[in-house]
Every structure is written in C-alpha cells, then in structure tokens.
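Chains as they are written, first to last, in the numbering used here: chain A, 883 to 1152; chain B, 136 to 768; chain C, 21 to 336.
What follows is the structure, encoded as structure tokens:
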C-alpha cells in the first residue's frame, strides 16, 4: 500500500474550557475527541454523522483553519505544525476546502474572476496573463460559461455557485480536497449534477477527497472508505462495502435503518 | 420561497430616485449645502458688520430680508455663514467618529478575544455616560470653542460606529467566504481591507447618514449653551442662543436659525432613510413589510358545487407573489381532492410551489407580497378563501392544524412550551386554565416527551430539536383536527430523530383518523408516510397517483428523472443521471410544458399551448403528451 | 434569575470604577494650570501654590486619583469655590429636580413611543402609519432647545397656559399640581426626540417580529389578531426595545442640560453649564460623576427587565 496522502493521529479539539478570572470553570466542549485517519492518494474517505458529531470541526482542522488541541496531522509524510511563511503556502497549495453553503462561501462584492484569481495571486507565482488563462480553463472544467467571469455571486443559483466554489478549491491544483457537506444545500436534481462533476474531476486529475456528509446514500455513492462519527469520536471505520453491508457498531446500524427509501414503506424493512 | 432569490440589479441611484421623500431630502440638503458653500461668492452683506441704528429690524425689511439681530447685523448673511460653520463641524465630526469607530469595530470583530475585549470594554465605558454629559465633560476639560466641541461630539459618537460595524463584521467573520480567503493564503490586513471592508461599507454609510443629523444638532446645542462657537464666529446654535433672550421682543432672531436647523436636519434624515432603504439588504428585498393576518384573495366567486364526500377540495388554485413589477406564479393552477383520513404527499424541489400550496389552504401565505389570484379551496363544503375572518380563525388550529419545518423558529421563544399548547386548547375548546394544563400534559406525554409535567414549564431553547418538534405535533393534535398539514416537518432534524418523529406522527394520525397533507422534497419520506402523491414542478402538478405505483412506474419524464438522480442507500453502483439545466423562473415560464427545456422526450408539440393533466390509469394522472412512451418500470 | 441579577450587579462595580477614572482623568488633563484658571486676576504665586496644595495637584496622578476616590467614597467631592459650599450638597440639591424632569420625559417617550410604534407597524402603509412616520421624522429632527423656546413663545407668552420657567411659583404652595403645571412644557420638549426614536425602533422591531415563524404559528393556531399582536409579537419586540429605552434615558439625562437652561429649571444640567463657564472644576466633576452613576443604575435596571422578558439571556 502506498503512503497515505494525509494522516491524522488522535486529533482532539476542545472549545471553551479554562477558568474565568474569578476562578469558575467555563463549560468545555470536546468537539473532536481522539480521531485518527489516513487517506490513500486517489481515494475518497467519506465521513458521516449527525449534527454536532464534530465532522465539520474535523474538516477545519485538516485544512488548517483551526488548530488541534491535541494530536498530529501529517501531510505527504511531513508533520504539519504551526503554519507560517513558505510552509503555510505549500500546505494551502496541497489541501483545499469546498464549503457547505455555496452562496455564503463567495464574497458578495467580488466577481467570479476576482474570486478565482484570489488564491492564484496569494499562493502561486503566475503572472496576470497566466492567471487569466488558468481561470478560463477552470471555469470550463467545472462547466461555467466564460461570460460568467464578470458576474457577482448573487446572480447564480446554488448549483452554479457550488461550481464556483469547486473551481476556487481547484485553482491552485491541490492534491487533497476536503468537501464539507458540498451538496446538502442543493436540490436533488442539482445535487446529482455536482456529484457527477466531482466524480469526473477525481478521475481526470487523480484527486483525493475527504467527503463529509450527513446523507448516507450520497456517501455510499462516492466513498471508497467510510468513517462514522458520534459525539466527537469515530465509532466505525472501514472500506465502504464492509461498513454499509456488515456494520459492526450499533450506531451505524441505527443510522442505516433510519434512512427512508423511495418506493419502500418503513414497516416492510422492519 | 427560493423563487424570489433572483434579484434584478438596479443601480442604487435609480432606487433612491424612486423614493419621493428621499428626493425631497436630497433637494433640501443640496440647496442648503450649496448655498453655504457658495457663501463667499454670493452678494451677501458682511455678517459681522454691526449697525446699531438698524438693530432688530423685522424680516422683510428693506435691505434685510430676514431682518437684523441685536447688533444690527444682517440675519440672512449670518444665517448662510452660520450654516456653513454648522455643516462643516457636523460633517467633520461625523468623519472623525466614522473613521475611528469603524476601525475599532473592524479590528475588534476580526481579531476577537483580547483585542475585542479591550476595545469594546473601552467603548462600553464611553457608552456608560449619558451621551451629552460626556461631551460636556470633554468641553469642560478642553475649554469652550468650536474645535473642542467638534472633538467632544466626535468622541461621544465613536461607540455608535464601533458597535454597528463590529456587529456587522461579526456576522461576516463567521461567513464561509472569510474562511475561504484564509485558505487562499490572504494576510489579515488583506482580509480586513478587501473582504470585510467592502461588505461593511453600507453599514458605515448608513450609520453616518443617521448620525450626521444628530451631530449637527449636538454641536449646535453646545454652541447654544455658549460652549461651542465663540464670538465673533457664529454657527446656527450660537445664533439661536443669542436670540433666546430676545424671544419675546424679536422672535425672528431665534426662529430663523432654529427653523433652518430643523429643515436641514429633516432633509438629512429623509435622505438618510432613503439611503438606508437602498443599502440595507434586508430592506432591499422588501422583507420589512409585515404579513397581514390572512393572505389577500383576488375577486372571484365560488362555483358553489363540489365533491360532496371530500374533506378538502382544491380547484385551480393560483397563488402569486407581486414584487415590484414582477409577478411570480408560485402556484399556477392546482387541483386535488382529499378524502377523510387519507394521506397525501406533495413532493417537489425548492420553488416548485409545494409549500405555497400548503400555506394557501388556511391563508397563511404572507401578504404582501403574496396573493391568491384565483381558485377555490373547499373544506367540508365551505370555501376557505371566501370565509369571514372569524370563521377562518375558528377552523385554524382546530379543524385544520399545521406542523412547520423548523421547530426552533416556529415556537415562540419567550413562552413556556406548555402554554403554547394550552393556548390553542383554551382558544378552541374554551377550557379553563387547570383543565387545559392537565390536557396539555397528557398531550405532551402522548407525543413522547419525558416528564411532561416538568417539561410543560420549559422554554423552547431548553429542549432538543426532536423534542421541540414533538411539542409542535402536540399543539397540532390538541383539538383533534380533521386535517393535518405538515410542511417539511423533519427537514431540520437528523435522520435518526427524523425516523422517530415520523413514526410518532404516523401512529398518532392513524389513531385519530385525521387526514394528512405532507409536504417534502424527500421521496423516501413520502413513501413511508403517504398513500397518494402529487409531484410538483414549476408551480403545477405534473403527476399524481398512488405512491407505490408512481415511484415504481413514473408516467412523467420529470418524476422519472427525479427518481434517477437521487442516490439510494444500498444501490451505490447505480449511475446517477443528473437532470441538465435548472427549473425555469416562475415569473418567466416557457409556453407549453415547463419541463420541456430539460426533457429528453420533448418535441415541438410540447412547447405549444397548455399541456393538460391526462388520466393515465386508475387514480393516476400525468401532464405529459408522451406518457405512453415511458413504459412501465 | 436571582443569580443573574447578582452577577450583573457585581459587574456594575468595575463600570463605576471606570467611570470614576474617566471623570477624574478628563478633569485633571485640563491643559494649562487650573489654579491660574480658577484664580484669574488673583493669581499671585502664593495663591496658586495654596490652590494647588488644596486640590492636591502637587502629587503624582495615581495618588491624586486614589485620594480623590477615597474622598468620593466618604461623600467628599470637594468644595465649590464659586458657590463656596461642599460640592456634594449642591449636587444632591440639584439632582432631585433633574430626576423629576428626566423621569417625566422618559415616561412620556416610553408610553407614547411604544404605542405609536405598534400602531404604525400594525397599520403599515396605512394613513395612521404615514402620519406617525412623518411626525416622528420631524420629531427626531427637532433641536430640543429650539422646541423649548418655541413652546414658551406659544404656550406661555402667547396663550398664557403654562409658566415660562422654573419649578414652582415664587410664592406658590409647592403642591404636586403646581409642579406638574411647571413640568409639562419642559418634559414635553425633552421627550420629543426620544419619543421619535422609540417609536421608530418599535415600528421596525414589530415589523421584524411579525415576519417570524412563530407569529405564523400563532395565526395557524387560530388565535385572534389582538392576541397574536400583543402576546406573541409585542413581547418579543420588547426584548429589543428595552435597551433602546435605556439609551434614551441617557439622552434624556444629557438633554436636560438644554431644557433646564431654556426653562430655568433648577437642576444639575444648568448647574453644569454655569460651572463650566466659571471653570468650577470640582463642581463639574461631582455633577458628571453623580449623573453618570445614576445612568449606570438605569442601565442595570433595563438589563434586568430584558433578562426577565427573555429566558434565553439568563445563561452566561
């Protein structure tokens, strides 16, 4: 087996805690409580769990938006410590994030071109012409018409906005993309378009995905490996087929049983 | 109501110029500021030349339109020069306060923690003083004088800018585009200047436009007290102060500058209100108009006949939203009949009109901008659209009950949940307080809330999402309704909670024999709960029939495509066929079939005339002329 | 709730200390030599030195502050040189009339502002709304000192309905009705701007709340409109309006400076204006301190009312 692209050991993130200045304890929340994972290049790790299970906090630690309280992250075999200078630049060139809310993740006062050129300016050495060319190619790859470059985010539907978000994440040609509920804000018909695009891009560029979702059917359709989270912990981890067909943990079974299926009545399954 | 999420861009200027009052304000401000600016070149008498012989001339005197003051100086000239000083000081104070306050607000909100604590505690300290008193203390320290007054007024206004900019920035800092900017490798300074500042600029402008009027008033006030402009320099406030002692013998000396301040500030406030309406995104979308108690209904008559045994009969219902010049046809002619005890699912994507259909039944579509443009809704033989208000209120929550989507926002946050249940019992069954409480506790128990007697006194925020939705269900079932309308009741809940709430709803409904209209985008949920289903697209029913049959063998290309693009648990290998394109905007529907532009089977006839719902089998209908080609299965 | 109230009460201590620091600093950072300013033409070197010693100005600043604070806590705010009596006596004597005036104005602005705002929102775009909105616009644009003069001109000089100023008649009996008669015009002049602000924010607060899902729920339950508006909408809107009323208390206390000057009301505002022009620093300091402290208590009260209304605020 190849070396994992990203590897995390015993990640913990605590919010709150500590004491007030008169010594009273503040409430403490262990949002992520000892999670370890490893993702092989070119595969997709699906992370499922219900609201508050810590999956979004985990995503933000893996892309460097928040620092872990405990634990280590290794990217391409190198440990990721305090991000600064050239190391920070290389990290962001390798790992990018696609957000849940496609509209909120775009600055309403910038055009699509400005949004897509942003990471290129800050993270690459491309000149103006090079950036223009890269933006045009990106927009073509994610299925946005060239004339959209001068439009503002509010002129787009949710699905189109998410294509812009995906293009921005792809701009610096990262190897790993963390997708935090990328289709949960979209209608089903548009959701299928975006899922199709993600599969296509993965095949085309050999991307590695970390796909976070509360929707088990979506994860099953996309992931090679699956991790199930409950209250900050990973209760079950393994290859997709094994987890979905022979779940070991009670919680995984409960989750699977709770999903309503079109054309089937609940009672028939029980 | 995602239908309204496609705003037309009109320039801020065009929107401002449509606001009559704002234009009046602008005219006043431009006129006064223009004259004040032109003071040096206007043919005015010297404002400081005294002429004791001509003292206190009344207005309209020869050579002095507005009269003269106690030293015989020309009032008109003094007014123009005084206005010049007042405006300059007010504007300068506003700019100083805006710059300092906005910087504090931005920095405090972006960096948070220590910076936020230190800066905002300082601002709180300033706010702990009564507004004018702090200005007085500063003037007392620095000594009277116009510049000191300016400084004092600027300082006391800093908190308003700091607080509103901080508030706006806090809302933005949590937005994902700021995280995206960090991942794009931006520096903090770049994020503040290029990501945050452009987005809070409207807030700064709004705060400036609302405070500049006060600042002119307050500097005038300090001058009035003799603490601002010192003679011979005069602003409007000091002129008023000078005239105060002569108010009985020569009222014009104080009335003239007073009226000018009043008119100027009215102009500024009118303009400021107009600017705020243009710049505030919440006001822009017309969101601040409150819905009235019942949806407006266009003129129309009841046909008077209908299906005798039906519980609910909807005939050609059309509900529209009138926003400016646009007419969004959210529901474009819907028919369905519901028998007592039956369960009907309405499915569709956002903007398909499914929620609007549900809300139309009891007149809960917000007006403005909603209006029922036509049709009939007959409940137990009575046309709900044309029922007197009081009769409709007797049906609401009694014979027909609603369960809405988000249990957190649908419960009143300041009322104990038990009282929200008893309220409907008292209203419709006329129960007394203790009887209502007993019955509410039984209801809470029936919906599976542990310790119902204690939870009766809980506030909504003290319950979990699932428990809140159980309270909402208890409220809906309280008066044993004949019909329950549930609008995406489990969309905000996790799957495991959803499963439990759906099971509960199903059991209780069956026990009570109530009919159910269940609105959802989730095809799986419909299958679990409903006997029949309506599939909606762009405001119309495209297919209807028994749930099992419709999903097993759809007879409309949209239904088929919808089923094909949803990932289904246990079928990971099945290819997902996305539907190309987007649903059409409901204010610009194509002729013929609304789905034709995205339909693989579409042909020329599909784009012409009205396509009707055709009977395709026992209890099944489809709005497609090629349904026979879809085959079975 | 009680726990919250105690915690909130404890938090006023640092605020009060902060206020005392600001008041102390503002006055002691006066540019130039206060002694010379006080003495004017009597500023012989011996006199200057004596004043500096009396005021403790030969000490370092923190020592001066602590000495001053100790005095404040013992009720010693120094001696007013212009009135030649203890500052505390003068301030307390003047504080009562200001409190009466401010309370009357605050009462007016709360009652009228809330009523106008609710009517305006419920009848949005109707004639009542238009009339109220226009009146409110003029109201918040009016300089209260100008309005005061005009009220005197019309109602006192012109119609003779009310006295032109003062708190009681020169030879009056000091009865409450006499006070009310003197209070009417100044309280009205003082309340106008604040009423406008309260009415505006009540209107927009009500409009905001009326769009909320829980109002739709209340209507879906079949409740009558009166109950929907008052029990469900208004109470929720009030949570946002109470702090606004607290801020208005600050405006009213400050605005009293103008109104007391115009109506010759024997309050603390007029005392401050006189003290500033005579550079009676200790008197300014004492007056500002007492009014600011009372405003802190008003803010405490509005905070507690807000929390009593909204259980969500009780945590933390």
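A virtual CB, placed ideally from N, CA and C, is assigned to each residue, including glycine.
Mind pulling the chain B residues with CB within less than 7 Å of residue i?
i, result
"residue 240 of chain C", "497, 499, 531, 532 and 537"
"residue 329 of chain C", "549"
"residue 161 of chain C", "348, 397, 400, 401 and 404"
Return helix, strand or coil for residue i, following the three-state DSSP convention.
i, result
"residue 897 of chain A", "strand"
"residue 1095 of chain A", "strand"
"residue 558 of chain B", "helix"
"residue 1119 of chain A", "strand"
"residue 195 of chain B", "coil"
"residue 675 of chain B", "strand"
"residue 591 of chain B", "coil"
"residue 325 of chain C", "helix"
"residue 152 of chain B", "helix"
"residue 209 of chain B", "strand"
"residue 550 of chain B", "coil"
"residue 34 of chain C", "helix"
"residue 175 of chain C", "helix"
"residue 421 of chain B", "Residue confidence for residue 421 of chain B is low, a pLDDT of 49 falling below 50, so the modelled location carries little weight; the figure read from the coordinates is stated next. Residue 421 of chain B falls in the coil class under three-state DSSP."
"residue 716 of chain B", "coil"
"residue 101 of chain C", "coil"
"residue 701 of chain B", "coil"
"residue 1012 of chain A", "helix"
"residue 27 of chain C", "helix"
"residue 287 of chain B", "helix"
Note the first and the last residue of the continuous beta strand (DSSP E) segment covering residue i.
i, result
"residue 978 of chain A", "977–980"
"residue 275 of chain B", "Looking at the DSSP string, residue 275 of chain B is not in any beta strand (DSSP E); the run it does join, the alpha helix (DSSP H), is 266–277."
"residue 449 of chain B", "447–458"
"residue 1062 of chain A", "1058–1062"
"residue 927 of chain A", "926–930"
"residue 21 of chain C", "That residue, residue 21 of chain C, is in no beta strand (DSSP E); it is neither H nor E in DSSP."
Where do the N-terminal and C-terminal ends of the alpha helix (DSSP H) with residue i fall, by residue?
i, result
"residue 943 of chain A", "937–944"
"residue 160 of chain C", "147–161"
"residue 321 of chain B", "No alpha helix (DSSP H) contains residue 321 of chain B, which DSSP labels as neither H nor E."
"residue 524 of chain B", "524–530"
"residue 238 of chain C", "233–240"
"residue 1107 of chain A", "Run containing residue 1107 of chain A: none in the alpha helix (DSSP H); it sits in the beta strand (DSSP E), 1107–1112."
"residue 993 of chain A", "Run containing residue 993 of chain A: none; DSSP gives neither H nor E here."
With burial defined as no fewer than 16 other Cβ atoms inside 10 Å of the residue's Cβ, what is the status of residue i: buried or exposed?
i, result
"residue 455 of chain B", "buried"
"residue 671 of chain B", "buried"
"residue 30 of chain C", "exposed"
"residue 514 of chain B", "buried"
"residue 209 of chain B", "buried"
"residue 664 of chain B", "buried"
"residue 104 of chain C", "exposed"
"residue 1085 of chain A", "exposed"
Anything in chain A within Cβ reach of residue i, meaning under 7 Å, just list it in chain order.
i, result
"residue 514 of chain B", "The premise fails here: residue 514 of chain B is roughly 28 Å from chain A at the closest Cβ pair, so nothing lies under 7 Å."
"residue 103 of chain B", "Chain B is shown from 136 up to 768; residue 103 of chain B falls before or after that span and cannot be answered."
Using the beta-carbon of each residue, which ones in chain A are nearer than 8 Å to residue i?
i, result
"residue 599 of chain B", "The contacting residues do not exist; residue 599 of chain B stays about 10 Å from chain A at best."
"residue 617 of chain B", "Within chain A, no residue comes near residue 617 of chain B; the closest Cβ sits about 24 Å away, beyond 8 Å."
Which chain C residues are close to residue i, counting only those with a beta carbon under 7 Å from its beta carbon?
i, result
"residue 238 of chain B", "The contacting residues do not exist; residue 238 of chain B stays about 21 Å from chain C at best."
"residue 769 of chain B", "Residue 769 of chain B lies beyond the stretch modelled for chain B, which goes from 136 to 768, so this question has no answer here."
Going along chain C, which residues have a C-beta under 9 Å from residue i?
i, result
"residue 564 of chain B", "Ordered by position in chain C, no residue passes the 9 Å Cβ test against residue 564 of chain B, which lies about 11 Å from the chain."
Can you pull the chain B neighbours of residue i, defined as C-beta to C-beta under 9 Å?
i, result
"residue 278 of chain C", "267, 356, 359 and 360"
Identify the contact partners of residue i in chain C, using a Cβ-Cβ distance below 8 Å as the criterion.
i, result
"residue 428 of chain B", "239, 245 and 248"
- Please go through the segment 728–766 of chain B and give each complete beta strand (DSSP E) segment of 3 or more residues, from N-terminal end onward. 749–752 and 755–757
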